[in-house]
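Asks:
Number of protein chains: 2
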Amino acid sequence: MYIGIDLGGTNIAAGLVTDKGEIMAKASVPTNSGRPTEEIVRDMAELSKQLITENDLSIDDIEAVGIGCPGTIDYKTGEVVYCNNIKMDHFPLSDVFRKHLDLPVRVDNDANCAALGEYKINGGGASSYLLITLGTGVGGGLILNGRLHRGFNGVAAEPGHITLVSGGERCTCGKEGCWECYASATALVRDTKRAMEKAPDSLMHKVAANAGKVGGKTAFDAAEMGDSAAKQVVDNYIRYVADGIVSCANFVQPEITAIGGGVSKQGESLIAPIREYVYRYEYNKHMPKMKVEAASLGNDAGIIGAAMLCMEE
Amino acid sequence: MYIGIDLGGTNIAAGLVTDKGEIMAKASVPTNSGRPTEEIVRDMAELSKQLITENDLSIDDIEAVGIGCPGTIDYKTGEVVYCNNIKMDHFPLSDVFRKHLDLPVRVDNDANCAALGEYKINGGGASSYLLITLGTGVGGGLILNGRLHRGFNGVAAEPGHITLVSGGERCTCGKEGCWECYASATALVRDTKRAMEKAPDSLMHKVAANAGKVGGKTAFDAAEMGDSAAKQVVDNYIRYVADGIVSCANFVQPEITAIGGGVSKQGESLIAPIREYVYRYEYNKHMPKMKVEAASLGNDAGIIGAAMLCMEE
Chain A
803 MYIGIDLGGT NIAAGLVTDK GEIMAKASVP TNSGRPTEEI VRDMAELSKQ LITENDLSID
863 DIEAVGIGCP GTIDYKTGEV VYCNNIKMDH FPLSDVFRKH LDLPVRVDND ANCAALGEYK
923 INGGGASSYL LITLGTGVGG GLILNGRLHR GFNGVAAEPG HITLVSGGER CTCGKEGCWE
983 CYASATALVR DTKRAMEKAP DSLMHKVAAN AGKVGGKTAF DAAEMGDSAA KQVVDNYIRY
1043 VADGIVSCAN FVQPEITAIG GGVSKQGESL IAPIREYVYR YEYNKHMPKM KVEAASLGND
1103 AGIIGAAMLC MEE
Chain B
803 MYIGIDLGGT NIAAGLVTDK GEIMAKASVP TNSGRPTEEI VRDMAELSKQ LITENDLSID
863 DIEAVGIGCP GTIDYKTGEV VYCNNIKMDH FPLSDVFRKH LDLPVRVDND ANCAALGEYK
923 INGGGASSYL LITLGTGVGG GLILNGRLHR GFNGVAAEPG HITLVSGGER CTCGKEGCWE
983 CYASATALVR DTKRAMEKAP DSLMHKVAAN AGKVGGKTAF DAAEMGDSAA KQVVDNYIRY
1043 VADGIVSCAN FVQPEITAIG GGVSKQGESL IAPIREYVYR YEYNKHMPKM KVEAASLGND
1103 AGIIGAAMLC MEE
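Going down the list, the sequences are from chains A and B.
According to my numbering, the first sequence holds residues 803 to 1115 in order.
According to my numbering, the second sequence holds residues 803 to 1115 in order.
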């Protein structure tokens, strides 16, 4: 049995995970990310101990602990090189955790963990797999030859920061025109608001008023009701998402690309037109096409994938 | 000893290549690409035999023949699935070649071969390597873990067709806004001509008149003479090239990115500002940076890399 921990800005989520990637039990506590990081790590260890005892296990039943953490991780040493939303700067996360719970610990980037989790459960033995998560930003992870691809320096697979519109919208990373400035839920809401300003008669205003806010669903819902301004927002958004996936396909040709994150709850009404666009415009016209599908594990992906880190050789 | 053949639209170039990647002898004949492909393949074999006899070798001295070919290649079978500039459609290149010269034959995409050649000679044992060639289009090849990365379907590493400006210039591939529509020599000449139209007093007109044409050097030469319109063309071009390299870095983090093709003859005056832009804008701010350098083998890369195909297990 393994423990997988997904350290998020809001919650610490942990699970008991079998070597097949099955979650046997889960628990979570608030991160309270403003407090000293040592306290957060102590709570991560306490949560792990709670999972062990509440499930009638002992520490000896646990092979290892995997931790998915936001930011720049040195996966070889378990050090958090830099994390912005939970303040860490060259913080030896693995070592500090082991002071509280002395088990082998593996640490990697949270998006890498999510990709590894989705791959192990839904990859069906594919040789390569790309997870793209459409959320506040655009994140993801890349599996090549059955293993996480980390690049020579450990920090590859930041698909949200490939260029989609050179010289376009300013990204939080400092560059202009990153994919996440167009394909994130944040970007979708921004573009929805811009379209609403230009179209005072659009059904988007009614949809947003009913929901109490402009959200990622606003344009999709109004488009389904036949609103043309909303349909334009949706069409543009689908093209932005798909154009970035075409980039990934033309460069790396993963066997499966899975789309996760809140927006992906739109299901096939989002995935089908993306797939159609990708198949039409990818450079490969003569060889088998990569699969384009929805991710399915949601928040569990990070827990499972963190545990799966421990099984990498 | 190996034979490496670079089958180009204009010339068939072949070389005797040692297992260290050293070219011992070279020869070439015109491709005459309009004629039946069987004839072209016969000439490839004749050229190989000529190399063998003119260098006092026998067929027994040759381990294998590697062929770099444009288009979509099934590298597992040696079939050219599709090639546009030398007409081939499901053409069994490997089998047809062996009818004329019965040696083990490996075939792969010409850009993959060039990347493998540059990597073997100039990669210095790096774990990963990306070659980007700036020519008529933007081509390239990707080495990961010391091997060509071909994707699940054999046709990965088409970096020229990652998206640089979603919805931008129309590409020959059918998509809009591909990197090669902005970073190829063809695009540079187009943008130079556009800038010249808008700036009748620009020194670019004089430079082009002296050279007898508007070329890839026109804007660079005029910019060096202090021409502001030319400098704008060069600055934009550098940003286009660099923005695409940032995409490759953020997605895959190769240890070395090498820039080849005719435009790269500008040397450090082109490479240095690209490197500076990439280092400034890549997402990775905390871990080692990939090297950005000029490729150096020119046309020999394809011959060497084709031979090196034969040494892959």
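Each residue gets a CB set at the ideal place from its N, CA and C atoms; glycine is no exception.
What you are looking at is a predicted structure, and each value in this text was computed from that prediction instead of being measured.
When burial is assigned at 16 or more other CB atoms within 10 Å of the CB, is S1030(B) buried or exposed?
Replies: Exposed, since its Cβ has fewer than 16 Cβ neighbours within 10 Å.
Asks: Hey, how far is the Cα of G1018(B) from the Cα of L809(A)?
Replies: Their backbone Cα atoms lie some 51 Å apart in a straight line.
Asks: Just to confirm the assignment: which complete alpha helix (DSSP H) runs, minimum length 4, are found wholly within the region 937-1015 of chain A?
Replies: Entirely contained in the region 937-1015 of chain A, the alpha helix (DSSP H) runs reaching 4 residues are, in chain order, 982-985, 987-1000 and 1005-1013.
Asks: Identify whether H892(B) lies in helix, strand or coil by the three-state DSSP scheme.
Replies: Looking at H892(B) - three-state DSSP - the assignment turns out to be strand.
Asks: Strictly below 7 Å CB to CB, what residues from chain B border S1049(A)?
Replies: Neighbours of S1049(A) on chain B, chain order: I964, T965 and S1049.
Asks: Kindly indicate if chain A contains any beta-carbon less than 8 Å away from that of A959(B).
Replies: Yes, A959(B) counts as interfacial toward chain A.
Asks: Under 8 Å, do S835(A) and N887(A) count as touching if we go by C-beta distance?
Replies: Cβ atoms of S835(A) and N887(A): closer than 8 Å.
Asks: What are the start and end residues of the beta strand (DSSP E) that includes V1077(B)?
Replies: First, the amino acid is wrong: residue 1077(B) is Arg here, not Val. Here R1077(B) belongs to no beta strand (DSSP E); instead the alpha helix (DSSP H) covers E1070 to Y1083.
Asks: Is R1041(A) buried or exposed, if buried means 16 or more other CB atoms sit within 10 Å of its CB?
Replies: With 16 or more Cβ atoms within 10 Å of its Cβ, R1041(A) is classed as buried.
Asks: Measure the beta-carbon distance from Y1083(A) to G976(B) and round it to whole angstroms, keeping in mind my assumption that it falls under 8 Å.
Replies: Confirmed, Cβ separation roughly 6 Å.
Asks: Tell me the residue span of the beta strand (DSSP E) that contains Y804(A).
Replies: That run of the beta strand (DSSP E) goes Y804 to L809.
Asks: In chain order, what residues of the same chain lie with their CB nearer than 6 Å to the CB of L903(A), ignoring the 5 residues before and after it?
Replies: Cβ neighbours of L903(A) beyond the five flanking positions: A847 and S850.
Asks: So which of T812(B), G811(B) and G823(B) has the shortest CA-CA distance to M803(B)?
Replies: Taking only the C-alpha atoms, the option nearest M803(B) is G823(B).
Asks: Against chain A, which members of the region 1045-1069 of chain B pass a CB distance test of less than 9 Å?
Replies: Cβ contacts with chain A come from D1045, G1046, V1048, S1049, C1050, A1051, N1052, F1053, V1054, Q1055, P1056, E1057 and I1058.
Asks: When the Cα of C871(B) is compared with those of I854(B), N914(B) and P1090(B), which residue comes out closest?
Replies: Checking every option, the nearest Cα to that of C871(B) belongs to N914(B).
Asks: Along the region 976-987 of chain A, what residues have a CB closer than 8 Å to any CB found in chain B?
Replies: Against chain B - using a Cβ distance shorter than 8 Å - the residues of the region 976-987 of chain A are G976, K977, G979 and Y984.
Asks: Under the three-state reduction of DSSP, which class applies to D858(A): helix, strand or coil?
Replies: Coil.
Asks: Report the residues of the region 927-940 of chain A with a CB closer than 9 Å to any CB of chain B, ordered along the chain.
Replies: Cβ contacts with chain B come from A928, S929 and S930.
Asks: Which residues in chain A sit within 7 Å of G956(B), going by Cβ to Cβ distance?
Replies: M1089, listed in chain order.
Asks: Is S830(A) helix, strand or coil by DSSP?
Replies: DSSP places S830(A) in strand when its eight states are reduced to three.
Asks: Here's the rule I'm using: 16 or more other beta-carbon atoms within 10 Å means buried, otherwise exposed. How should E856(A) be labelled?
Replies: By the 10 Å Cβ count, E856(A) comes out exposed.
Asks: Where G1104(B) and G806(B) are concerned, what is the direct C-alpha to C-alpha distance, given to the nearest angstrom?
Replies: Rounded to the nearest angstrom, the two C-alpha atoms are 8 Å apart.
Asks: Cutting at 6 Å between CB atoms, please list the residues of its own chain near E978(B), excluding the five before and the five after it.
Replies: Cβ neighbours of E978(B) beyond the five flanking positions: G969, G970 and R972.
Asks: Between the Cα of I864(B) and the Cα atoms of L853(B), G956(B) and G873(B), which residue gives the shortest distance?
Replies: The shortest Cα separation from I864(B) among L853(B), G956(B) and G873(B) belongs to L853(B).
Asks: With respect to the alpha helix (DSSP H) encompassing L1062(A), which residues constitute its N-terminal and C-terminal limits?
Replies: Note that residue 1062(A) corresponds to Gly in the displayed sequence, not to Leu. Premise fails: G1062(A) lies in the beta strand (DSSP E), I1058 to G1062, not in any alpha helix (DSSP H).
Asks: At the 8 Å Cβ level, is V883(B) part of the contact set with chain A, yes or no?
Replies: Closer than 8 Å: yes.
Asks: Three or more beta-carbon pairs under 8 Å between the region 914-930 of chain A and the region 1050-1062 of chain B, yes or no?
Replies: The region 914-930 of chain A vs the region 1050-1062 of chain B: no contact.
Asks: For L936(A) and V1065(A), which I take to be in contact (beta-carbon distance under 8 Å), what is that distance rounded to the nearest angstrom?
Replies: Contact holds; Cβ gap of about 4 Å.
Asks: Roughly how many angstroms separate the alpha carbons of D897(A) and G880(A), rounded to a whole number?
Replies: For D897(A) and G880(A), the distance between alpha carbons rounds to 8 Å.
Asks: Determine the burial state of S860(B): buried for a count of at least 16 other Cβ atoms within 10 Å of its Cβ, exposed for fewer.
Replies: S860(B) is exposed by the Cβ-count criterion.
Asks: If we define contact as Cβ-Cβ less than 8 Å, is L946(B) a contact residue for chain A?
Replies: Yes, contact with chain A.
Asks: For the region 1062-1080 of chain A against the region 952-966 of chain A, do three or more pairs of beta-carbon atoms, one drawn from each stretch, fall closer than 8 Å, so that the two count as touching?
Replies: Too few Cβ pairs lie closer than 8 Å, so no.
Asks: What's the call for M826(B), buried or exposed, on a 16-neighbour Cβ count within 10 Å?
Replies: Label assigned to M826(B): exposed.
Asks: Taking the straight line between their C-alpha atoms, what separation do you get for E1115(B) and L950(B)?
Replies: One C-alpha to the other measures close to 12 Å.
Asks: Are H1007(A) and Y884(B) close, meaning C-beta to C-beta below 8 Å?
Replies: Going by C-beta atoms, H1007(A) is not nearer than 8 Å to Y884(B).
Asks: Might you give, ordered along the chain, the residues of its own chain that have their beta carbon closer than 6 Å to the beta carbon of Y1079(A), omitting 5 neighbours on each side?
Replies: Closer than 6 Å at the Cβ level, and outside the excluded window around Y1079(A), lie A1044.
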